[in-house]
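*Asks:* What follows is a structure written as structure tokens; I'll ask about it next.
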Amino acid sequence: MKTDKVTTILFDLGGVLFELSGIQKISHWTGGRLAPADLLERWLASPSVRAFECGRIDFFAFRHALKQELELAVSDDEFEKTFRAWIRQVFPGTKELLADLAPRYRLACFSNTNDVHWQIIRSDFDVLSCFEKTFASCEIGLVKPDAEAFDHVLAGLGCGPGQVLFFDDSPTNVAAAEACGMNARRVYGAQNVRQVLIDMGLL
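Residues in the sequence shown are numbered from 134 upward in steps of one, following the numbering used here.
Printed below as a string of structure tokens:
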């Protein structure tokens, strides 16, 4: 990769800039049938999750569908309380990282998310103002790792894929970004992002 071509840094949010919780709790609701790793795999492949993150169904339809799909032994109220607390905090060093990058690169984010979590991110965390462009799956109706989603983001950014460096915690999404021509790296947390940028000579 020719790092002198990178003009735009595109961030996933959960697992990259935001620390998430919830998988362990949902695993508990399965009565031990699904370990956290197995549950995460089911979550990523879930049709109800995909529909919710594309904005095709609302929270109540999603809650009903997922409880049936995973046979979750939990009340509606407890499910909602836990789901709303899924986003814990920004990772240490996130705001400092974005402040260091802003004078040098265009910054944007592309997240598979839903209306509930997106509203929490917008109202409770002072991060989105750091981005020139924000792409939330629930708003654009497209999700990673679909090529159509990456094409939409590139069109919105108005630049070539080789000019973009994409950070995500999912190897599947990283591979999809690379297939679209982006430079992409798998990371976990802001400190990991910073180290990768230093190693690449970009920071």
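Even glycine gets a Cβ: it sits at the ideal position worked out from N, Cα and C.
In angstroms, rounded to a whole number, what distance separates the CA positions of residue 157 and residue 301?
*Replies:* Cα to Cα, residue 157 sits roughly 21 Å from residue 301.
*Asks:* Residue 242 lies in the beta strand (DSSP E); which residues open and close that run?
*Replies:* Element bounds for residue 242: 239-244.
*Asks:* Looking at residue 253 and residue 151, is the spacing between their C-beta atoms short of 8 Å?
*Replies:* In this structure, residue 253 does not lie closer than 8 Å to residue 151 by Cβ.
*Asks:* Closer than 6 Å by C-beta to residue 147: which residues in its own chain qualify, once you throw out the five before and the five after it? Chain order, please.
*Replies:* Here the set comprises 153.
*Asks:* Do the segment 255-266 and the segment 235-243 make contact, defined as three or more Cβ pairs closer than 8 Å?
*Replies:* Judged by Cβ distances under 8 Å, the segment 255-266 makes contact with the segment 235-243, as three or more pairs qualify.
*Asks:* By a C-beta neighbour count over all protein chains shown, 10 Å radius and 16 as the cutoff for buried, is residue 160 buried or exposed?
*Replies:* It is buried - the Cβ of residue 160 has at least 16 other Cβ atoms within 10 Å.
*Asks:* Tell me the residue span of the beta strand (DSSP E) that contains residue 301.
*Replies:* First-last of the beta strand (DSSP E) with residue 301: 297-301.
*Asks:* Apart from the five residues on each side of it in sequence, which residues of its chain come closer than 7 Å, Cβ to Cβ, to residue 183?
*Replies:* Cβ neighbours of residue 183 beyond the five flanking positions: 276.
*Asks:* Going by beta-carbon coordinates alone, are residue 323 and residue 278 separated by less than 8 Å?
*Replies:* No, they are not a contact pair.
*Asks:* Going straight from the alpha carbon of residue 178 to that of residue 229, what length do you get?
*Replies:* Distance between the alpha carbons of residue 178 and residue 229: 34 Å.
*Asks:* Is it buried or exposed for residue 256, if we count other Cβ within 10 angstroms and need 16 for buried?
*Replies:* With fewer than 16 Cβ atoms within 10 Å of its Cβ, residue 256 is classed as exposed.
*Asks:* Is it buried or exposed, residue 282, if we count other Cβ atoms within 10 angstroms and call 16 or more buried?
*Replies:* Its Cβ being crowded by 16 or more others within 10 Å, residue 282 is buried.
*Asks:* What ranges does the alpha helix (DSSP H) occupy inside the segment 159-198, keeping only unbroken runs of at least 4 residues that lie completely in it?
*Replies:* The segment 159-198 contains these whole alpha helix (DSSP H) runs: 169-178 and 180-186.
*Asks:* So residue 207 is in the beta strand (DSSP E); what residue range does that whole segment cover?
*Replies:* Per DSSP, residue 207 belongs to no beta strand (DSSP E) and is neither H nor E.
*Asks:* Within the same chain, show all residues whose beta-carbon is closer than 7 Å to that of residue 140, passing over the 5 residues directly before and after it, in chain order.
*Replies:* The answer, listed in chain order, is 238, 239, 292 and 296.
*Asks:* Would you list, in sequence order, the uninterrupted beta strand (DSSP E) runs of no fewer than 3 residues that lie entirely inside the segment 253-331?
*Replies:* DSSP runs (the beta strand (DSSP E)) wholly in the segment 253-331: 266-269, 297-301 and 316-319.
*Asks:* When DSSP labels each residue in this structure, what does residue 144 get in the three-state scheme?
*Replies:* Three-state result, residue 144: strand.
*Asks:* May I ask you to list the residues that DSSP assigns as paired with residue 223?
*Replies:* Residue 223 pairs with 151.
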